[in-house]
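Comments concern the structure below.
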Amino acid sequence: MLTTFATQIRATLRQPAPLFWALAFPLILATMFSVMFGSISEAYTLQAQPVGVVRDAGWEDTPGAEALAGALGAGDRPLIEEVRADDLDAALAALTDGTAIGYLYADDDHLLRFAVSDAVYGSSDNAVALTVSVIGHTVERYNETAALGDLVALEHPQALLDEAFVRDLGAADGLTEETRLTRFAPDGTARYYYALLAMACLMCMTIAIGAITDAQPNLSALGARRNVAPLPRHRMLMAVFLASWLMSFACMAVAFLAVRYVFGVGVGGREPMAIAAVAAATFMASAFGMLIGAIPRIPAGTKYGVATGITCLLSLFAGLYGEPAMALGDWVQRELPAAALANPARQITQLFYDMLYYDDPQPFIRTLGVLCAMGAACLAGATLLLRRQRYEHL
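Everything in the sequence shown is counted per our numbering, starting at 1 for the first residue and increasing by one.
Have a look at this one:
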């Protein structure tokens, strides 16, 4: 049995196609996802924008204006790259020639105003729109604080002698509080990586199909030699299955580690559970591949095509093909839970969701059990099919 196991490992390593689908394919897709989602993430990141600051007499007479401009242009994530303007005409000229996207100035009431170029509203650059929105909110907050200070000075001037009151005037601390309903902050792009891992795990069926093809005497010379060897068929099949599972697990473990540490997709500090998820997923995929490979009177090429078609179809409901597919998968999960339960690709992605978003390990263990039950059923079916096959000659 150990000899058959080792032989099957070497035979699998000599077959480039299954290894490509199990190892190279998920790495290539993950790289593509990283490029696509990286640009999306940057589009929703605050980026410093060129903004004119009109330093005229009104600006100098407005308390706190210079401090606000300095704060907007300082720090680890500055919001503005200052474009100096001595008057409004210079600021408008900067907008016209594209040197600045907007400008800050003080009006006659000593309130700050933020004017923005019309081109900003027609721009498709989300980073610009996001930064402009934050700057506008900051200016609005400044004006509200200034108006509140003027009102206090008019009606309760003695309150301005309290240092704590002055310090807290206009402070935003405590107005909002971040609340997390799940143990791990959800990441929209991470779902696509989990769907990718589900598809890649199912593609590992090709390794098992190739292995079981090598074990059948009517399909390969290696299978003919194995069947005349003094080894019970069930032990031979077990060795083939374990070799397929080991190769699938090794390939997917490498793919998962690349997704986790190269592409930075978090798993909430539960890496050991993620490895267990990969092991369960590849167990199910290897057993499924054994079942497809054990179907009699079908050429090996057709079996590979069937496995690929099944994988692509099931991955649709796991949400691999974009937002519409993700929405479809969520709808099936919500409205047709039995169909989602029978979809191994969906269950693999569900493993990662259970691991990330629940403190209680019970949902993860339950989904793990579903995948293991699927694998055991497929393995039993493959064994039954192979035990019933007889050959007139080899």
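Beta carbons are placed, not taken as given, at the ideal position from N, Cα and C, and that holds for glycine.
Fair warning: this is a prediction, and the values are worked out from it, not measured in the lab.
Okay, do the region 44-61 and the region 101-114 touch, 3+ Cβ pairs below 8 Å being the bar? yes
Pull up the DSSP beta-bridge partners for glutamine 49, would you. Sequence index remark: in the sequence shown, residue 49 carries index 49 (1-based). Bridge partners of glutamine 49: Ile80.
Look at alanine 382 and leucine 291 and say whether their C-beta atoms are less than 9 Å apart. Residue numbering aside, residue 382 sits at position 382 when the sequence shown is read from its first letter. Residue numbering aside, residue 291 sits at position 291 when the sequence shown is read from its first letter. Taking 9 Å as the Cβ cut-off, alanine 382 and leucine 291 qualify as a contacting pair.
Quick one: Cα of tyrosine 358 to Cα of phenylalanine 364, how far? In the sequence shown, the residue the question calls residue 358 occupies position 358. In the sequence shown, the residue the question calls residue 364 occupies position 364. Approximately 8 Å, taken between the alpha carbons.
On the three-state DSSP scale, how would you describe tyrosine 103? The sequence position of residue 103 within the sequence shown is 103, counting from 1. Here tyrosine 103 sits in strand by DSSP.
Nearest-angstrom Cα separation, counted from threonine 349 out to leucine 88: Locating residue 88 in the sequence shown gives position 88, where the first residue counts as 1. Locating residue 349 in the sequence shown gives position 349, where the first residue counts as 1. When rounded, the distance between both Cα atoms is 56 Å.
The beta strand (DSSP E) that contains valine 278, what's its start and end? Against the sequence shown, residue 278 aligns to sequence position 278. Run containing valine 278: none in the beta strand (DSSP E); it sits in the alpha helix (DSSP H), 271-293.
Is aspartate 118 buried or exposed, if buried means 16 or more other CB atoms sit within 10 Å of its CB? Translated into positions along the sequence shown, residue 118 becomes position 118. Answer is exposed; the Cβ neighbour count stays below 16.
Our contact map puts glycine 98 next to methionine 205 with C-beta atoms below 8 Å; I'd like the distance itself, whole angstroms only. Translated into positions along the sequence shown, residue 98 becomes position 98. Translated into positions along the sequence shown, residue 205 becomes position 205. Not quite, the Cβ-Cβ distance comes to about 55 Å (not below 8 Å), so this is no contact.
Going by DSSP in three states, arginine 14 sits in which element: helix, strand or coil? Within the sequence shown, the letter at position 14 stands for residue 14. The DSSP-derived three-state label of arginine 14 is coil.
Which same chain residues, not among the five before or five after alanine 294, have their C-beta less than 7 Å away from its C-beta? Counting from 1 along the sequence shown, the entry for residue 294 is found at position 294. Answer for alanine 294: Ile212, Ala382, Leu385 and Leu386, listed in chain order.
Exposure label - leucine 13; buried when at least 16 CB within 10 Å: Translated into positions along the sequence shown, residue 13 becomes position 13. Classified as exposed, leucine 13 has fewer than 16 neighbouring CB atoms from the shown chains inside 10 Å of its CB.
Below 9 Å between beta carbons: does that hold for phenylalanine 397 and leucine 196? No information on residue 397 is available, as it lies outside the stretch 1 to 394 that the chain covers here.
Alanine 318, DSSP secondary structure in three states: Stepping through the sequence shown from its first residue, residue 318 is reached at position 318. Of the three classes helix, strand and coil, the one that applies to alanine 318 here is coil, per DSSP.
According to DSSP, is alanine 74 helix, strand or coil? Locating residue 74 in the sequence shown gives position 74, counting from the first residue. Alanine 74 falls in the coil class under three-state DSSP.
Nearest CA to the CA of valine 134: which residue from Leu79, Leu92 and Arg84? Here residue 134 refers to the residue found at position 134 when the sequence shown is read from its first residue. Closest by alpha carbon: Leu79.
Residue environment, proline 272, which counts as buried when at least 16 other CB atoms sit within 10 Å: Translated into positions along the sequence shown, residue 272 becomes position 272. Per the 10 Å Cβ criterion, exposed.
Tell me which residue opens and which closes the beta strand (DSSP E) that alanine 115 is part of. Here residue 115 is taken as the residue at index 115 of the sequence shown, counted from 1. Alanine 115 -> beta strand (DSSP E) spans 112-116.
Phenylalanine 364 - containing alpha helix (DSSP H), residue span: As a first step, residue 364 must be located in the sequence shown, where it is residue number 364. Per DSSP, phenylalanine 364 belongs to the alpha helix (DSSP H) from 362-387.
Assuming glycine 329 is part of the alpha helix (DSSP H), what are its boundary residues? What you label residue 329 is simply residue 329 of the sequence shown in a count that begins at 1. Unbroken alpha helix (DSSP H) run through glycine 329: 323-335.
What residues in its chain sit with their C-beta under 6 Å from that of alanine 91, if we drop five residues either side in the sequence? On the sequence shown, position 91 is the one that residue 91 refers to. Gly52, Val54, Ala85 and Tyr103, listed in sequence order.
Go ahead and pull the three-state DSSP assignment for threonine 3. Taking the sequence shown and counting its residues from 1, one reaches residue 3 at position 3. Threonine 3: helix per DSSP, three-state reduction.
Neighbour-count burial assignment, methionine 252, 16 or more Cβ in a 10 Å radius: Sequence index remark: in the sequence shown, residue 252 carries index 252 (1-based). Methionine 252 counts as buried, since at least 16 other C-beta atoms from the protein chains shown sit within 10 angstroms of its C-beta.
Over what stretch of residues does the alpha helix (DSSP H) that includes aspartate 214 continue unbroken? Counted from its first residue, the sequence shown places residue 214 at position 214. Unbroken alpha helix (DSSP H) run through aspartate 214: 205-214.
Give the single residue among Tyr353, Glu66 and Phe263 whose Cα lies nearest to the Cα of proline 26. One-based indexing of the sequence shown puts residue 26 at position 26. Among Tyr353, Glu66 and Phe263, the Cα nearest to that of proline 26 is on Phe263.
Using the Cβ count rule (16 or more neighbours within 10 Å means buried), how would you classify isoleucine 28? Residue numbering aside, residue 28 sits at position 28 when the sequence shown is read from its first letter. By the Cβ-count criterion, isoleucine 28 is exposed, with fewer than 16 other Cβ atoms from all chains shown falling within 10 Å of its own Cβ.
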